[in-house]
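Residue numbers (full-length UniProt numbering): 1 to 716.
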């Protein structure tokens, strides 16, 4: 039996559903985990619980993730729980490790082919052989199509039929794409190289066709955990089945509502069918959301509640666990430039108010939207980084810094504190800790090197001794040489540090991440959903993409779009998946009766006099500003308005709100109208109210007492 102390440590702080995950018996377990429900916590505690009880050995566990970052986090959590020795790797990393280990046996003494990181260059050569002229963008599109085919276990000769059945929209005629695909495979063989899909296939082939290899691998790995199971493609599932070899000790965790990679071959069908394929499977739902405020959770539920299709069968209704927070802000701007400028201003305000720049993200549907936000943030002198562009350790300034730090080892005295040694080493690149440069792009580069210093600080503060299994511990080396080794290890695993800047990212690359404040921008039909989404299945994936974006926010969420791209042209409709925006949109709704004459008054759009956003709510239109924009209320004037209204209502023997509502009084006390045009500009005030009370209002604004103003009621 597990000791009581260890039992309490592993089970402490878990909610009832998480505890059920942790203590579930061996065998197939399917965890349906909504966004922010603590899935990583649940599965790492499950692994730790089983290893610490002695039910399984850590070295017999393989936990599979989809990113190196997630694998590193899982290893760190398992280590903190005392479950050392568990292998946590991506599908590709696990396959590469196995293929390299068994290469001499599988290749009969031949050396292992070189693994190419990117298909683009070779696909471009293959396209030329097939008679296509493809620039880098065109080659990248063809490479994506080939990657889909290989991940879906489709051969070149099968591509045309498979692409038609899958409703693919390839960049060229399907027959031509198949020709490029075949030429690409031939080029690889001639040059003696393989790609990532080949590596996965080699791992499958090694297990399925070489019984001795399969037996050895299955003896090593007996218990499997797969994270983000909704993103598995047929090739990865084939490898997982080969690892299992008919055994059933498999725990999977996923959320069908976060299936957003079907264009790469990923499918939620394995998650959806898991209970049917494994009749004795235990299915557990995690719905308590610990990440986001109830307001954000409510919007996420509203977005996904209308979902249709197979994935919607496993839809989860999240239950927010955090204290209440701010309502999501819904904003409409005249154009994209105005939207970007407003976002940049708000980012600057958030940072000035204490929100770290690294806890702010601007998320968009396509990477091409990034440029206008980069320019706006640079203009506002807000530091930013673009996620999904260059990998951190591949950035020129980071590579130069790592070279400088390795060179500094020779000239740095051994007794120099690590952080000081790193700062002095970076000085050789021109970096100075004391003086961040102005401008967004330059600040982005500065912050990248500052992240290395922060990493050195964390490395220096880590425990002086590292555990090494059950045998004991070894003293850590905190010299510059050891830190350089740590950087090399992180670069190899693409385990990047946190950079202090506002994150600009596509919704796809934001998957698995979270921030305190999130801006979801460009939420217009044609962008989200994209014009390329035409089938019901494609449209549902676009809905799920918005759901993923909403659930990235912990505390504060902004949703916006520009009515036009550049201030002219046809007005765009708001994203159809946002009921709030669609219901209050000033744009004519799809399917409306076009035979009706437009109501000119209703079609007018009120804008915030402070930030320029369209005002959606009636009270906001009266105020002439967003509820979150600063108020310039004249409290003395409001008191006099209130007293005058009471006296006037009593004289007319009507309720006070009949004269003016509370919101109208506040709007007048903020805007202080001095003439008829300014009073009529306040929503809800028309010619009749102007004639009845206009003179009294102007008198009060001019400083008159309530009784004096009452005498002016009904003056023309």
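C-beta: ideal position from N, C-alpha, C; glycine also.
- Judged by DSSP in its simplified three-state form, residue 73 adopts helix.
- The shortest C-alpha to C-alpha distance from residue 657 to any of 642, 670, 48, 227 is the one to 642.
- Separation of residue 246 and residue 154 (C-alpha to C-alpha, rounded to the nearest whole angstrom) is 24 Å.
- With fewer than 16 other Cβ atoms from the protein chains shown falling within 10 Å of its own Cβ, residue 677 counts as exposed.
- For residue 223, the beta-bridge partners assigned by DSSP are 61.
- In the structure shown, residue 562 adopts extended strand secondary structure according to DSSP, grouped into three states.
- Among the bridge pairs identified by DSSP, residue 254 is matched with 32.
- Listed in chain order, the alpha helix (DSSP H) runs fully inside the region 236-307 are 269-272, 274-277, 294-305, counting runs of at least 4 residues.
- An exposed status is given to residue 273, since fewer than 16 other beta-carbon atoms sit within 10 Å of its beta-carbon.
- Annotated as proximal: residue 225 and residue 64, with beta-carbon spacing under 8 Å.
- Scanning the region 339-390 for uninterrupted beta strand (DSSP E) segments of 3 residues or longer gives 360-364, 384-386, listed from N- to C-terminal end.
- Judged by their CB atoms, residue 292 and residue 551 are nearer to each other than the 8 Å cut-off.
- CA-CA distance, residue 250 to residue 185, rounds to 34 Å.
- Out of 39, 35, 211, 482, the CA that lies nearest to the CA of residue 102 is found in 211.
- Straight-line spacing of the CA atoms in residue 119 and residue 233 works out to 19 Å.
- With contacts defined as CB atoms closer than 8 Å, residue 386 and residue 484 fail to qualify as a contacting pair.
- Only exposed fits residue 114, as fewer than 16 other CB atoms lie within 10 angstroms of its CB.
- Annotated three-state conformation of residue 519 is strand, per DSSP.
- For residue 88, the enclosing beta strand (DSSP E) covers residues 87-90.
- The shortest C-alpha to C-alpha distance from residue 46 to any of 491, 29, 147 is the one to 29.
- Around the CB of residue 540, 16 or more other CB atoms lie within 10 Å, so the residue is classed as buried.
- Residue 527 is bridged by DSSP to 530.
- For residue 574, the pairing in a beta bridge is given by DSSP as 524.
- DSSP places residue 536 in the uninterrupted alpha helix (DSSP H) bounded by 536-550.
- In this structure residue 329 is in contact with residue 559, their Cβ atoms being roughly 7 Å apart against a cut-off of 8 Å.
- In the three-state reduction of the DSSP assignment, residue 503 falls in the strand class, which pools E and B.
- Approximately 5 Å separates the beta-carbon atoms of residue 89 and residue 71; this is inside 8 Å, confirming the contact.
- In terms of Cβ geometry, residue 290 and residue 481 do not form a close pair [threshold 8 Å].
- Beta-bridge partners assigned by DSSP to residue 114: 193.
- The beta carbon of residue 204 sits closer than 7 Å to the beta carbons of 238, 239, 242 from its chain, once the five residues preceding and following it are set aside; these are given in chain order.
- In the assembly as shown, residue 18 is a buried residue. Its beta-carbon has 16 or more other beta-carbons within 10 Å.
- Selection 710, 116, 682 evaluated against residue 663 yields 682 as nearest (Cα-Cα).
- Taking 4 residues as the minimum length, the alpha helix (DSSP H) runs contained wholly in the region 128-213 are 136-151, 159-165, 174-191, 196-209, in order along the chain.
- Collapsing the DSSP output to three states places residue 392 in a helix.
- Cβ contact annotation for residue 327 (same chain, cutoff 7 Å, sequence separation greater than five): 295, in chain order.
- Spanning the alpha carbons of residue 487 and residue 167 requires a straight line of approximately 44 Å.
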